[in-house]
Amino acid sequence: MKVSNQWWLARTINADSSWGGVRALAVSSQSLDLASAGDDHGIKIIDITRNRIVSTLKGHTGSIRSLVFTPDGKTLVSGSDDSRILLWDRFEKKQIGEIRSHANSVTTLATLKSKNLLISGSDDLTIKIHNLQNLQEVAVLKGHSSYIQSLSVSPNQKWIVSGSCDRTAKIWSATSYQEMFTLYGHSSDIRCVDCNDKIVAAGSDDGDIILWNIESGMPEVTIYGHLSGVRSLVFSKNNQIMASGDDGGNIKIWDLSSKELIFDYKLHSSGVSSLVFTSDDQLLVSSGWDRNVNVMASSMSMLFSLNKAENYQQEGSLVKPVIESSPIKSVVEPESFRFEQESLTISFQDLQITGDDLRKYLKKCGQEYASRRKEERSKERVRMRNVSLEIQKRREERLEREQTQREQREKERKEQVARERSARDQEERERKEKAYQERKEQAVRERLARGQEEAKQEQKKKAEESKKKAEKGFWDELFSGDGRSYSSSNDGTYVKDYQKKDGTKVKGHNRKKK
1 MKVSNQWWLA RTINADSSWG GVRALAVSSQ SLDLASAGDD HGIKIIDITR
51 NRIVSTLKGH TGSIRSLVFT PDGKTLVSGS DDSRILLWDR FEKKQIGEIR
101 SHANSVTTLA TLKSKNLLIS GSDDLTIKIH NLQNLQEVAV LKGHSSYIQS
151 LSVSPNQKWI VSGSCDRTAK IWSATSYQEM FTLYGHSSDI RCVDCNDKIV
201 AAGSDDGDII LWNIESGMPE VTIYGHLSGV RSLVFSKNNQ IMASGDDGGN
251 IKIWDLSSKE LIFDYKLHSS GVSSLVFTSD DQLLVSSGWD RNVNVMASSM
301 SMLFSLNKAE NYQQEGSLVK PVIESSPIKS VVEPESFRFE QESLTISFQD
351 LQITGDDLRK YLKKCGQEYA SRRKEERSKE RVRMRNVSLE IQKRREERLE
401 REQTQREQRE KERKEQVARE RSARDQEERE RKEKAYQERK EQAVRERLAR
451 GQEEAKQEQK KKAEESKKKA EKGFWDELFS GDGRSYSSSN DGTYVKDYQK
501 KDGTKVKGHN RKKK
């Protein structure tokens, strides 16, 4: 769908914040329910079509810094300075979950739709990923050296982008969770990031917006359109336009195809804290420190187009683009250019010039100021490039040291494992040797016992044989003079035929034992 280059203020909603400003916004993709939150610790659910607050959710004890709807639109997630992440049922308007994972303020939230994951960034310098189903921690991303301010996920679900007060943005793989690129170029804290499948955009306190190629990490365009720090930015869902808001309350809309500024107006009396497009890209919602929420509609919006002429006087004011075809790469010069320069004093009573000459003079001063600022920023970028190279060099040296330390630790670990294995092997050998000696001694004892038993049996046998021989010898001696022959048996002694001394013959017979 083509996005219009004509935008107007459809309505202003007072977020009814008791104190402080509105810090965060989220719009459900399934409806026009808007969630807003800020310093009063509460979350307001606003019906944009009816211009009223539907409900208020209470649960946090600190300022709420971030809001996001889950991909199915059923759950609202909030992150706060109380370091907690709370999950809310969008329809029942009650808390249904809590994550206590960060050690400091939860400043930014995003979702990874393809894996049903929640990504959170914190002032504890970590990015944590949780499963939305069971709220279990999946991964922790570390790499930033200062507070993490903003997160974004590419529409193709391949990249996670983070922005930090360490003046860098980082691109992470959404599959391996590894750092792919570190993006340098800003001279001050990065406050906001967003990305599509091709481009990463980052806004900083230095007033610049830098666009990088998401695949290579190389810078492509620098936008100098803001005169104060860029606090928020967002791509439209179809990636045709980008909106940005600054600390001065100004909101700008950029046509990414024609490289032109198509909308520039001061809609907040103080800084713009958050920007979000609706799912059809026809409404742009902004929040600010002035406690207001502004709804801007494009000329193609069906929701407000029919009654635009009737309602703008009551609910808002018609806003027209201020800049005509201003290229993104140049410094923007609004028609109502507000020029501020130190030690510049003009006495209008002493000047005899026409209004046209005065306008030309102010325009010339503005051009000179913009030229000086561009030159200063160019020098600053050169300095930052050198700083980036130095940082990159130090990072490589640090990585090399860390690699050496890892290799040393791995070597020590392997040596320790080898020593432990050797000790275990020695202990096993000693145990086996001891068991072998015990078995050997047992075998010796058993052989000795068997030998003793055999000796006893042999001795017993010999005793019996000796007894038998003794008995036989007795009878042999008894009858040795009469010519008789004897043989022993169990039934007694058999005496063979013999002849007595008187000549009488006696037949063989058994003589029983007495």
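If you count the sequence shown from 1, position 512 lands on 512 in full-length UniProt numbering, and the numbers rise without skipping.
Virtual Cβ for every residue (Gly too), placed ideally from N, Cα, C.
query: Thinking just about the alpha-carbon of each residue, which of I85, R406, T108 and E92 is nearest to the one in I99?; result: I85
query: Can you give me the start and stop residues for the beta strand (DSSP E) that M296 sits inside?; result: N292 to S298
query: Ordered along the chain, which non-local residues of its own chain (more than five positions away) have a Cβ less than 7 Å from that of V272?; result: R231, S232, G245, D246, G249, I251, S286 and G288
query: Between the Cα of I391 and the Cα atoms of T75, K472 and T168, which residue gives the shortest distance?; result: T168
query: If you scan the UniProt repeat "WD" (183-222) from start to end, which runs of the alpha helix (DSSP H) of 4 or more residues do you find wholly inside it?; result: none
query: Helix or strand or just coil, what does DSSP make of Q95?; result: strand
query: Is G503 buried or exposed, if buried means 16 or more other CB atoms sit within 10 Å of its CB?; result: exposed
query: Can Q149 and T107 be called in contact, C-beta distance under 7 Å?; result: yes
query: State the CB to CB distance for the pair V295 and R50, rounded to an integer number of angstroms; the pair is presumed to be in contact (CB under 8 Å).; result: So it is not a contact: roughly 12 Å between Cβ atoms.
query: So residue 533 and K237 are in contact, right, with Cβ under 8 Å, and what is the actual spacing, rounded?; result: Only positions 1 to 514 of the chain appear in the structure, and residue 533 is not among them; the question remains open.
query: How long is the line joining the alpha carbons of G28 and L118, rounded to whole angstroms?; result: Rather than Gly, the amino acid found at residue 28 in this sequence is Ser. The straight-line gap from Cα to Cα measures roughly 16 Å.
query: My assumption, with CB atoms under 8 Å, is that S63 sits in contact with D81. Please give the rounded CB distance.; result: 5 Å
query: What residue from Q157, Y177 and S114 has the CA that sits closest to V138's CA?; result: Y177
query: Would the beta-carbon of S187 fall within 7 Å of that of D166?; result: no
query: Could you compute how far the alpha carbon of S83 sits from the alpha carbon of R291?; result: 23 Å
query: Taking the continuous beta strand (DSSP E) assigned at D47, which residues delimit it?; result: G42 to D47
query: Under a Cβ-count criterion, where at least 16 other Cβ atoms within 10 Å of its own Cβ denotes burial, should Q282 be classed as buried or exposed?; result: buried
query: Let me know the secondary structure DSSP gives S388 once reduced to three states.; result: helix
query: Looking at C-alpha atoms only, which residue of P71, R90 and H102 is the closest neighbour of Q157?; result: P71
query: Throw me the rounded Cβ distance for the R23 and G38 pair, which I believe falls under 8 Å.; result: 4 Å
query: In the DSSP assignment, what residue or residues form a beta bridge with N250?; result: K266
query: My output table needs one value for residue 515: the three-state DSSP class, helix, strand or coil.; result: The chain is shown only over 1 to 514; residue 515 falls outside these bounds and no answer can be derived.
query: Between F69 and G143, what straight-line distance do the alpha-carbon atoms span, to the nearest angstrom?; result: 27 Å
query: If you run the structure through DSSP and keep just helix, strand and coil, what is residue 519?; result: No answer is possible for residue 519: it lies beyond the span of the chain, which begins at 1 and ends at 514.
query: Give the range of the beta strand (DSSP E) segment to which T168 is assigned.; result: No beta strand (DSSP E) holds T168; DSSP gives it neither H nor E.
query: Between which residues of its own chain and S325 is the CB-CB distance below 6 Å, once the five residues before and five after are set aside?; result: In this predicted model, S325 has a pLDDT of only 34, less than 50, meaning its place in the structure is not dependable enough to derive any value.
query: Using the C-alpha atoms, what's the distance from K505 back to K462?; result: 39 Å
query: Is G225 closer than 7 Å to V193 when the C-beta atoms are compared?; result: no
query: Can you tell me whether S273 is helix, strand or coil according to DSSP?; result: strand
query: Can you give the Cα-Cα distance for S269 and L275, rounded to whole angstroms?; result: 16 Å
query: From V140 to S228, what does the alpha carbon distance come to, in whole angstroms?; result: 33 Å
query: To the nearest angstrom, how far is it from the Cα of D208 to the Cα of R398?; result: 30 Å
query: How long is the line joining the alpha carbons of R445 and Q437, rounded to whole angstroms?; result: 12 Å
query: Please list the terminal residues of the continuous beta strand (DSSP E) segment that includes A103.; result: It is not in any beta strand (DSSP E) - A103 carries neither H nor E in the DSSP assignment.
query: If we call anything under 7 Å between Cβ atoms a contact, is L76 one with A35?; result: yes
query: Taking W7 as the reference, which of T182, S120 and A243 has the closest Cα?; result: A243
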